[in-house]
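**Q** Supplied in structure tokens, the structure appears directly below.
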């Protein structure tokens, strides 16, 4: 009987030490994660909100450069787009694109940059932030992400034409 208790005590001690080791490792991981998060997670996103929607390609590339050079700005961007939301991954992605890109920019852009369009797939920091946000909230494959992105930018010209037509109907010019 005493031998049985010694075995149980040894097993309990081993489990306790394992739990303590896991606790220390988890604490270290949490510390590392918090080092990469900046004060942007605690602040509002009003500064970055002023950048959107992009009116032209130069604004897009300038913003991409700012994101790639500043961790704080990148974190603020991710925080901002994570609050846009949507009931599905596709809807969330479309709402993000509508917030970030004007129809003028969408018309001048495509995923691969064919026909002298701006190449959206070259925006590593912006797309990485968007994809991280979507994957954090929904299940979405890279293929689905690319397909929705291609389609949204392909339809940019149609949306711009409709937008201009609606504007002309509301504001007819007097001759």
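Numbering (full-length UniProt numbering), first residue to last: 1 to 175. Positions of the beta carbon are idealized from the N, C-alpha and C atoms, including for glycine. Keep in mind the model is a prediction, meaning the values are calculated, not measured.
#1: Please check the pair residue 96 and residue 130, which I expect to be a contact at CB under 8 Å, by giving their CB distance rounded to whole angstroms.
#2: Is it true that the segment 166-175 meets the segment 110-125, where meeting means three or more beta-carbon pairs spaced less than 8 Å apart?
#3: Is the number of C-beta pairs between the segment 64-73 and the segment 96-106 that are closer than 8 Å three or more?
#4: By how many angstroms is the C-alpha of residue 15 removed from the C-alpha of residue 7?
#5: DSSP three-state label for residue 54, please.
#6: Would you tell me roughly how many angstroms separate the C-alpha atoms of residue 49 and residue 115, rounded to the nearest one?
#7: If I measure Cβ to Cβ from residue 171 and keep anything under 6 Å in the same chain, skipping five residues before and after, which residues do I get?
#8: Which residue marks the beginning of the alpha helix (DSSP H) containing residue 129, and which one marks its end?
#9: Tell me whether residue 82 sits in a helix, a strand or coil according to DSSP, three-state version.
#10: I need the straight-line Cα distance from residue 75 to residue 17, nearest angstrom please.
#11: Looking at the structure shown, is residue 109 part of a helix, part of a strand, or coil, going by DSSP?
#12: Let's see if you can read the secondary structure: which residues bound the alpha helix (DSSP H) around residue 149?
#13: Work out the CA separation of residue 79 and residue 45 for me, nearest whole Å.
#14: Got a sec? Which residues, its chain only, sit under 8 Å from residue 110 by beta carbon, not counting five neighbours each side?
#15: Cutting at 8 Å between CB atoms, please list the residues of its own chain near residue 113, excluding the five before and the five after it.
#16: How is the alpha helix (DSSP H) around residue 49 delimited, first residue to last?
#17: What are the boundary residues of the alpha helix (DSSP H) that residue 92 is part of?
**A** Result, derived from the coordinates:
#1: Walking along the chain shown from the start, residue 96 turns up at place 96. Walking along the chain shown from the start, residue 130 turns up at place 130. Their Cβ separation, rounded to whole angstroms, is 6 Å, which keeps residue 96 and residue 130 in contact under 8 Å.
#2: With the cut-off at 8 Å, the segment 166-175 and the segment 110-125 do not touch.
#3: no
#4: Locating residue 7 in the chain shown gives position 7, counting from the first residue. Locating residue 15 in the chain shown gives position 15, counting from the first residue. The straight-line gap from Cα to Cα measures roughly 12 Å.
#5: By one-based count along the chain shown, residue 54 stands at place 54. Strand, per DSSP.
#6: What you label residue 49 is simply residue 49 of the chain shown in a count that begins at 1. What you label residue 115 is simply residue 115 of the chain shown in a count that begins at 1. Taking the straight line from one Cα to the other gives about 31 Å.
#7: Here residue 171 refers to the residue found at position 171 when the chain shown is read from its first residue. Taken in chain order, the list of residues that qualify is empty.
#8: Translated into positions along the chain shown, residue 129 becomes position 129. Where residue 129 is concerned, the enclosing alpha helix (DSSP H) stretches over 124-137.
#9: To locate residue 82, count along the chain shown from 1; it is residue 82. Looking at residue 82 - three-state DSSP - the assignment turns out to be helix.
#10: One-based indexing of the chain shown puts residue 75 at position 75. One-based indexing of the chain shown puts residue 17 at position 17. Their Cα atoms are separated by approximately 37 Å.
#11: Taking the first residue of the chain shown as 1, we reach residue 109 at position 109. Correct three-state label for residue 109: strand.
#12: Residue mapping note: residue 149 aligns to position 149 of the chain shown, counting from 1. Residue 149 -> alpha helix (DSSP H) spans 142-154.
#13: Position 45 of the chain shown, counted from the first residue, corresponds to residue 45. Position 79 of the chain shown, counted from the first residue, corresponds to residue 79. Approximately 7 Å, taken between the alpha carbons.
#14: For the purposes of this step, residue 110 is taken as the residue at position 110 of the chain shown. Around residue 110: 117, 118, 119, 120, 150, 153, 154.
#15: For the purposes of this step, residue 113 is taken as residue 113 along the chain shown, with counting starting at 1. Within the same chain, residue 113 has close Cβ partners 119, 120, 121, 122.
#16: Position 49 of the chain shown, counted from the first residue, corresponds to residue 49. Residue range 46-49 is occupied by the alpha helix (DSSP H) that includes residue 49.
#17: In the chain shown, the residue the question calls residue 92 occupies position 92. Residue 92 -> alpha helix (DSSP H) spans 89-100.
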